[in-house]
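Residues in the sequence shown are numbered consecutively from 51, following my numbering. Backbone N, C-alpha and C fix where the C-beta goes; we use that ideal spot for every residue, glycine too. None of these values were measured; they are calculated from a predicted model. Okay, structure first, notes after.
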Amino acid sequence: MKAAIIGAKLNNKSNIEAQIIKKALQEKGVSVDFSYYETNTDHDAINLEETHKRNQKLIKNADFLIAEATEYSSGIGYLIANALSQKKPVLALHNIDKNPNPSNIIKASASSKLLTFAEYKDNTTIEKATVDFVYSVKSMLDTKFILIISPEIERYLEWVSDNRRMHKAQVVRRAVEDTMEKDKEYKDYLKKEYGI
């Protein structure tokens, strides 16, 4: 998994929380793109098109985004919205001791399945919120699966994709979901193991 971290670039102190988040992610085996913090706002303003491209690439290449949103700005909001539009899970963190009034827009938007809002007070609570989010993201992300199939199945999948305008993966996914739905042993396992 790969995470991108964003937040205010006010001064070097705003990097402290981002460094804590980065460390917590790396300890859980998550690859971290920290390139957002490699420039300051003055540098970003020199070439806005390049800054935009860099931020787009940051989000595109990440599996999820963590935004330290205590010092909220329209730029942070834009990047959060961009990640959500790409169906990327987002964790918005807010330090209630530094700013008792979080962004109401972000807080209200946390009803979305992809956006999680968490408040923290110190290093321990920011680490816990980050780690909890990583565990929830792991269960949300799709997994790639390579399947070796017979020529007959390949012909069928080609036919379906041409005639019914469905992706081959959709057909296979639907077949597996139908099998899961009918599998009583699997349902018993889910109930026992996860209470589902």
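If only uninterrupted alpha helix (DSSP H) runs of at least 4 residues are considered, those enclosed by the region 185 to 225 are 201 to 213.
Around the Cβ of K148, a 10 Å sphere holds fewer than 16 other Cβ atoms; the residue is exposed. For Y128, the uninterrupted alpha helix (DSSP H) run begins and ends at S124 to S135, by DSSP. DSSP, reduced to helix, strand and coil, places D94 within a helical segment of the structure shown.
Excluding sequence positions up to five before and after A219, its CB lies less than 6 Å from no other CB in the same chain.
M190 and L164 have their C-alpha atoms spaced approximately 9 Å apart. Taking C-alpha positions only, K59 is separated from K194 by approximately 35 Å. Setting aside the 5 residues that flank it on each side, N111 is surrounded in the same chain by K52, A54 and D83, each with a C-beta closer than 8 Å to its C-beta; the list follows chain order. Where K52 is concerned, the enclosing beta strand (DSSP E) starts and stops at K52 to G57.
Counting C-beta atoms within 10 angstroms of its own C-beta, P150 has fewer than 16 neighbours from the protein chains shown and is therefore classed as exposed.
Sequence-distant partners of F114 (beyond 5 residues in either direction) whose C-beta falls short of 6 Å from its own C-beta, in its chain, are A53, K138, P139 and V187. Judged by DSSP secondary structure, A158 falls within the alpha helix (DSSP H) whose first and last residues are N154 to S159. DSSP, reduced to helix, strand and coil, places N105 within a helical segment of the structure shown.
Segment contact: the region 83 to 100 against the region 201 to 210, fewer than three CB-CB distances shorter than 8 Å; contact not assigned. In this model, S85 and M230 are separated by some 41 Å (Cα to Cα).
Going by DSSP, E118 is part of the beta strand (DSSP E) stretching over F114 to E118.
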